[in-house]
Structures are given as C-alpha cells and as structure tokens.
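S.K.: Quick note: the sequence shown, position 46, residue 72 per this note's numbering, numbers continuous. Just passing along the structure, written as structure tokens.
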Amino acid sequence: MSEIRHSNGFHGIDIPSDDIITNCMHCGLCLPTCPTYALTGREKSSPRGRIRLIKSVAEGKLEMSNGFIDEMNFCLDCQACETACPAGVKYGSLVESARNQIRLQDKQSFGESVLKKFFLRNVLSNPRQLKFVARMLWIYQNLGVESILKKLGIARLLTPKLARLQEISPRIDPQFFDEQHPEVIRPTGTVKHRVGFLSGCVMNVAFSQINEDTIKVLLHHSCEVIIPKQQVCCGSLQAHNGDFDVARELAKKNIDIFSEYELDAIIMNSAGCGAMMKEYGHYLQDDAEYLTKAKLIASKVKDISEFLFDIGLKPATDAFRHKVTYHDACHLVHSQKISAQPRSLLKSISGLEYVELNEASWCCGSAGIYNVVRYEDSMKILERKMENIEIANAEYIVANNPGCLLQIEHGCRQHSVQSKVVHLSTLLKEVYQI
Ligand code: SF4
Ligand code: SF4
Numbered sequence: 027m028s029e030i031r032h033s034n035g036f037h038g039i040d041i042p043s044d045d046i047i048t049n050c051m052h053c054g055l056c057l058p059t060c061p062t063y064a065l066t067g068r069e070k071s072s073p074r075g076r077i078r079l080i081k082s083v084a085e086g087k088l089e090m091s092n093g094f095i096d097e098m099n100f101c102l103d104c105q106a107c108e109t110a111c112p113a114g115v116k117y118g119s120l121v122e123s124a125r126n127q128i129r130l131q132d133k134q135s136f137g138e139s140v141l142k143k144f145f146l147r148n149v150l151s152n153p154r155q156l157k158f159v160a161r162m163l164w165i166y167q168n169l170g171v172e173s174i175l176k177k178l179g180i181a182r183l184l185t186p187k188l189a190r191l192q193e194i195s196p197r198i199d200p201q202f203f204d205e206q207h208p209e210v211i212r213p214t215g216t217v218k219h220r221v222g223f224l225s226g227c228v229m230n231v232a233f234s235q236i237n238e239d240t241i242k243v244l245l246h247h248s249c250e251v252i253i254p255k256q257q258v259c260c261g262s263l264q265a266h267n268g269d270f271d272v273a274r275e276l277a278k279k280n281i282d283i284f285s286e287y288e289l290d291a292i293i294m295n296s297a298g299c300g301a302m303m304k305e306y307g308h309y310l311q312d313d314a315e316y317l318t319k320a321k322l323i324a325s326k327v328k329d330i331s332e333f334l335f336d337i338g339l340k341p342a343t344d345a346f347r348h349k350v351t352y353h354d355a356c357h358l359v360h361s362q363k364i365s366a367q368p369r370s371l372l373k374s375i376s377g378l379e380y381v382e383l384n385e386a387s388w389c390c391g392s393a394g395i396y397n398v399v400r401y402e403d404s405m406k407i408l409e410r411k412m413e414n415i416e417i418a419n420a421e422y423i424v425a426n427n428p429g430c431l432l433q434i435e436h437g438c439r440q441h442s443v444q445s446k447v448v449h450l451s452t453l454l455k456e457v458y459q460i
C-alpha cells in the first residue's frame, strides 16, 4: 500500500498501489464474499471494482460523479472483503475515506445530508440531545400517536419511508440505562476483575435491557463494573459514514474519561462500538497528544464474548435444553476477527444444542443506518440471511450487535419465524437465571 496525497482532497489515506490493482485483476477472491456483488453481479459493485473507482477518483482520473457516490453508499462497509483478501487490502478505511471526501465536498443528497448532519452530528454525538429526541420518540411510540397513524395507514400513505422506518426502529425505553445505575457497581463477594462498560448512545436509550443483562453477567463473574457518567457515543456511525472530525472528538472524550480509571478491560456489547474503540489508535494516528493514550484504551477494549472466553465462563446450575444458533455481526467477525469465542461459550453451556447457521458471517443488511437509507437493498440482503435462519430452525438466534438483532427480528416477523432473537448476554442471563 502506498500513501498518495492528491489535490482533490484524498489526504492521508492509503491508496492501493498499481501492483495491488494488477494483482486484484488476477485475484477476485473477495468477490464471492460481497453482498452487493451477489445482488447485482456488477464489477463496479464489488470490492475490487470500488477499489479501482476510489483510486481513479483519488488520482483525479475520474469525476466524483453521482454514480461514484452511489457505489460508495451501496457498500455496506461489512468488511467481508477484508477477511477474504490475501493481500491485506484495508478496504474499510478506503471506503470510509471516500465517504469523508463526499461529505467534505458537499456531494451528499439533501436527505442524506440532513440525516447525517442532524442525526449523526447533532443527536447521537450529544447525550442530552439524544435523550431529548428519544423522549419525543417514546411519546410518539407509546401515547397512541404511532398506533393511530398505523391503524389509519396515514404514515404509509403520506411517507412510505416513515412507515418503513417505524418497522425497523427500536422501541425507546421508558427509563434510560445510565439513569438507573451508580457509576460503580460491585459484585457480591470478592472482586476478581475491574472493568469499564460502554453503555452506548442508542444502546443507552433503546437497548437498556441488553445493557442490564450484560451487567448482571459481569457481576455473576465477580467483576466490579465502572460505568463512567461522562462517557459519550463511541463515534462508529460517524466514522463509517465518513465524518472523521466528529468521530475523533468523541474518541478523545472517551479516551480521557476511561483513562481516569484503573481497568482490566473495557467491555462492549455492541460489535460496531467495540470495532470502533479498538481502532481509536488508527483514527488518532496523527494526534501526538492522544496517540499513546488511544492505543492503551484500545488495547483494553473487549467484546463481552471475548472477555468471558478469556476469564472462563462459569458453569450454570441447571441444564439449558434449547436449540441455539449464532449470527456473526460483521463488525465482530470481520473487523475484530471474533468468531470462535462466542461459539465456544455457547457450546460449553450444559444441555444447549448448538446448530451452526449456514453463511453465519454473511451480512444481515442492517449495517449501521444502511437499512434506513437503503431500505430496499437492505431487505434483499436480509432475504438470504432469513433463508438460512429458516433452515437452522433454532429456538434462539444469538447475535452480539443491536442493529443485527433488530434487522433479524424484522426478518423473523416477515417470515413468521418463531425463534427468539437475543444478545449473548440475554441468553446467559437466562442460562444462569439471574
Ligand atoms: S464492505 Fe461488504 S459490501 Fe462493501 S465491498 Fe466489501 S464485501 Fe462488499
Ligand atoms: S481479495 Fe484483495 S487482492 Fe483480491 S481482488 Fe479482492 S481486494 Fe483485490
């Protein structure tokens, strides 16, 4: 990989060298792993095709056209191509840099620009704003407005997009996770591990129960859990959508806050957040003040499955006699290379019948806000996942990412699949009956 700096604004990103492009032409190993290539069969919608497009635009040989922008947005940033690539092409960084340029050159569509500027910059990045918007949404979802609009079919009639958004949106919690807990929670008995916990942005307001379950599992494993009150969103959605400035600011805040504590690990229960925090060193590589601290914090970040695998899962008192399968969240399997640990934990549970899901690491189509901004494509990608879920015929589908849980639940409703779609922490809470 060679770094090329060009006047058109692609500063500081690694553009694959001409040698890699030549190798790509003879290789193509990533193509069968790419959901958008599988959908279209088009070279330009494959990783190899997009790499060529990015290189051509970065070198000024191609305009940043609407077609180019569409290909960058069509990509799920699932990073399956990175796992497949024998040459180690860092595709995820390339596409994120391209999206950053699209944003900087103000080439986004009006709708996307509003969504990204308003939602990612001003809402997710600011805990107070996020809570305000979440409370408004809770009122909409719970005081009859949503159900009246649904019954009358008004939302579908006026804005089909809004109606679809309702179907894939999380339900807002009546009480937010961070408002129910002190900063430090101690287990009964001896403390064996002292861990930090990222309560997240959307996780904090819409997935409180998964956070609760994760804390219970950690306490059950003799962990003292620190949940810093001043923590902020990890910055992953902003980074994946090319808003590096905001992502770096959020990263710095979290680095400062988590650095205040002596921690054995910082626990994540969302694959996207874990992948982002493990990359803090990468995003702050040019920041002399933060780089060392960023690397230290990143080295402590562990997905809950990774952490429990390392410390050893406690045996349960009673057998858990259920059939369970596991879906690999992209940002766990491809970004963090975590796939053996959750499977090993599940298989070690007494009584549990583990069934492997075909194409478990094929993206479900959720991909951050992809299912919001490209709903139709996202649903086509979900179809392939649902075919495999129906074959697995499991009572529980486990996934360690909130976006995957929502997307697969949506697929299960559409396909009348009765399986429970749960986070690993929720399953473990049931296993331990805690
Ligand atoms: S990140 Fe996923 S969707 Fe994008 S090119 Fe790679 S495999 Fe295809
Ligand atoms: S696997 Fe790597 S080297 Fe091969 S075509 Fe894809 S990006 Fe190029």
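All residues carry an ideal CB built from backbone N, CA and C; glycine is no exception. All figures in this text were calculated on a predicted structure; none of them were measured in a lab.
1) Could you spell out the range, first to last residue, of the beta strand (DSSP E) harbouring Ala110?
2) Which of the three DSSP states is assigned to Ala291 in this structure?
3) Go through its chain and collect everything with a Cβ distance to Ala301's Cβ below 6 Å, but skip five positions before and after it.
4) Out of curiosity, what's the CA-to-CA distance linking Gly215 and Val251?
5) With H, G and I counted as helix, E and B as strand and the rest as coil, what does DSSP make of Arg74?
6) Please state the DSSP three-state secondary structure of Phe158.
7) Can at least three beta-carbon pairs, one atom from the segment 301 to 320 and one from the segment 157 to 172, be found at a separation below 8 Å?
8) Can you name the start and end residues of the alpha helix (DSSP H) that His52 belongs to?
9) Do Ala106 and Leu55 have their CB atoms nearer than 8 Å?
10) Between the alpha carbons of Glu85 and Met98, how many angstroms are there, rounded?
11) I'd like to know whether the C-beta atoms of Gly226 and Ser285 end up nearer to each other than 8 Å.
12) Please list the terminal residues of the continuous alpha helix (DSSP H) segment that includes Gly137.
13) Comparing alpha-carbon positions, which option in Leu191, Leu276, Leu372, Phe100 lies nearest His436?
14) I'd like to confirm the pairing. Which residues does DSSP put opposite Thr343 in its beta bridges?
15) Does any heavy atom of ligand 1 sit closer than 7 Å to the C-beta of Pro73?
16) What is the C-beta distance between Asn524 and Asp204, in whole angstroms, given that I count them as a contact (C-beta under 8 Å)?
17) Report, in whole angstroms, the separation of the C-beta atoms of Leu102 and Pro73, which I expect to be a contact under 8 Å.
18) Exposed or buried, which one is Asn469 when buried takes at least 16 other CB atoms within 10 Å?
19) In this structure, how does DSSP classify Ser33 when only helix, strand and coil are distinguished?
20) According to DSSP, is Tyr422 helix, strand or coil?
21) Can you check whether the C-beta of Asn230 is within less than 8 Å of a C-beta belonging to chain D?
22) From the DSSP output, which residues share a beta bridge with Glu379?
23) Three or more beta-carbon pairs under 8 Å between the segment 415 to 431 and the segment 388 to 397, yes or no?
24) Let me check understanding here. Comparing Cα to Cα, which of Phe144, Gln256, Lys70, Lys328 lies closest to Glu305?
25) What residue range is occupied by the uninterrupted beta strand (DSSP E) comprising Val448?
26) Can you name the residues that DSSP bridges to His308?
27) Does the distance from the CB of Leu289 to the CB of Val221 come in under 8 Å?
28) What does Glu250 pair with, by DSSP beta-bridge criteria?
29) Check whether the Cβ atoms of Ala355 and Glu122 sit closer than 8 Å, and answer yes or no.
30) Are Ser331 and Leu450 touching if we call contact CB-CB under 8 Å?
31) Is Asn148 buried or exposed, if buried means 16 or more other CB atoms sit within 10 Å of its CB?
32) Would the beta-carbon of Leu65 fall within 8 Å of that of Lys446?
33) Roughly how many angstroms separate the alpha carbons of Ile77 and Ala342, rounded to a whole number?
34) Hey, would you say the C-beta of Ala265 is under 7 Å away from at least one heavy atom of ligand 3?
35) Between the C-alpha atoms of Leu454 and Ser43, what's the straight-line distance to the nearest angstrom?
36) May I ask which residues mark the beginning and end of the beta strand (DSSP E) holding Asp329?
M.R.: With the structure as the only source:
1) If you number the sequence shown from 1, residue 110 lands on position 84. Per DSSP, Ala110 lies in no beta strand (DSSP E); the unbroken alpha helix (DSSP H) holding it starts and ends at 106 to 110.
2) As a first step, residue 291 must be located in the sequence shown, where it is residue number 265. In the structure shown, Ala291 sits in a strand (DSSP, three-state: E or B).
3) Position 275 of the sequence shown, counted from the first residue, corresponds to residue 301. So the list reads His357, Ser361, Gln362, once near-sequence residues are dropped.
4) Locating residue 215 in the sequence shown gives position 189, where the first residue counts as 1. Locating residue 251 in the sequence shown gives position 225, where the first residue counts as 1. Straight through space, the alpha carbons of Val251 and Gly215 are spaced by roughly 14 Å.
5) Here residue 74 refers to the residue found at position 48 when the sequence shown is read from its first residue. Helix, per DSSP.
6) Taking the sequence shown and counting its residues from 1, the one referred to as residue 158 is at position 132. Helix, per DSSP.
7) Not touching, per the Cβ criterion.
8) Taking the first residue of the sequence shown as position 1, residue 52 is located at position 26. 44 to 52 is the extent of the alpha helix (DSSP H) around His52.
9) Stepping through the sequence shown from its first residue, residue 106 is reached at position 80. Stepping through the sequence shown from its first residue, residue 55 is reached at position 29. Not closer than 8 Å, so no.
10) Stepping through the sequence shown from its first residue, residue 85 is reached at position 59. Stepping through the sequence shown from its first residue, residue 98 is reached at position 72. When rounded, the distance between both Cα atoms is 17 Å.
11) Within the sequence shown, numbered from 1, the residue matching residue 226 stands at position 200. Within the sequence shown, numbered from 1, the residue matching residue 285 stands at position 259. No, Cβ-Cβ distance for Gly226 and Ser285 is not below 8 Å.
12) The residue you call residue 137 lines up with position 111 of the sequence shown. Taken as a continuous stretch (DSSP letters only), the alpha helix (DSSP H) holding Gly137 covers 136 to 140.
13) Start at 1 with the first residue of the sequence shown, and residue 436 comes out as number 410. Measuring C-alpha to C-alpha distances from His436 to each of Leu191, Leu276, Leu372, Phe100 identifies Leu191 as the nearest.
14) To locate residue 343, count along the sequence shown from 1; it is residue 317. Note: Thr343 sits in no beta bridge, so no partner.
15) Along the sequence shown, one-based indexing puts residue 73 at 47. Indeed, a heavy atom of ligand 1 lies less than 7 Å from the Cβ.
16) An answer regarding residue 524 cannot be provided, because it is not within the stretch 27 to 460 covered by the chain.
17) Indexing the sequence shown from 1 puts residue 102 at position 76. Indexing the sequence shown from 1 puts residue 73 at position 47. Wrong, their Cβ atoms sit about 11 Å apart, outside the cutoff.
18) In the structure as shown, the chain starts at 27 and stops at 460, and residue 469 therefore has no counterpart that could be examined.
19) Numbered from 1 along the sequence shown, position 7 holds the residue referred to as residue 33. Residue placement at Ser33 is flagged as unreliable, the pLDDT there being 38, under the threshold of 50; a coordinate-derived value is accordingly withheld.
20) Locating residue 422 in the sequence shown gives position 396, counting from the first residue. In the three-state scheme derived from DSSP, where H, G and I count as helix and E and B as strand, Tyr422 is classed as strand.
21) In the structure shown, chain D does not exist; there is a single protein chain.
22) As a position in the sequence shown, residue 379 is number 353, starting the count at 1. Beta-bridge pairing links Glu379 to Lys349.
23) Between the segment 415 to 431 and the segment 388 to 397 there are three or more C-beta pairs closer than 8 Å, enough to call the two in contact.
24) Locating residue 305 in the sequence shown gives position 279, where the first residue counts as 1. For the options Phe144, Gln256, Lys70, Lys328, the alpha carbon positioned closest to that of Glu305 is the one of Lys328.
25) Start at 1 with the first residue of the sequence shown, and residue 448 comes out as number 422. Note, Val448: beta strand (DSSP E), 446 to 448.
26) Numbered from its first residue, the sequence shown carries residue 308 at position 282. DSSP, once it has assigned bridges, lists no residue as partnering His308.
27) Start at 1 with the first residue of the sequence shown, and residue 289 comes out as number 263. Start at 1 with the first residue of the sequence shown, and residue 221 comes out as number 195. Yes.
28) Here residue 250 refers to the residue found at position 224 of the sequence shown. Looking at the DSSP output, Glu250 bridges to Arg220.
29) As a position in the sequence shown, residue 355 is number 329, starting the count at 1. As a position in the sequence shown, residue 122 is number 96, starting the count at 1. No, they are not a contact pair.
30) Your numbering for residue 331 matches position 305 in the sequence shown. Your numbering for residue 450 matches position 424 in the sequence shown. For Ser331 and Leu450, yes; Cβs fall inside 8 Å.
31) Counting from 1 along the sequence shown, the entry for residue 148 is found at position 122. When all chains shown are included, Asn148 counts as exposed.
32) Indexing the sequence shown from 1 puts residue 65 at position 39. Indexing the sequence shown from 1 puts residue 446 at position 420. Taking 8 Å as the Cβ cut-off, Leu65 and Lys446 do not qualify as a contacting pair.
33) Taking the sequence shown and counting its residues from 1, the one referred to as residue 77 is at position 51. Taking the sequence shown and counting its residues from 1, the one referred to as residue 342 is at position 316. Computed Cα separation, rounded: 48 Å.
34) Ligand 3 is not part of the structure shown, which contains ligand 1 and ligand 2 as its ligands.
35) Position 428 of the sequence shown, counted from the start, is the residue given in the question as residue 454. Position 17 of the sequence shown, counted from the start, is the residue given in the question as residue 43. Cα-Cα distance, rounded: 47 Å.
36) The sequence position of residue 329 within the sequence shown is 303, counting from 1. Where Asp329 is concerned, the enclosing beta strand (DSSP E) stretches over 327 to 329.
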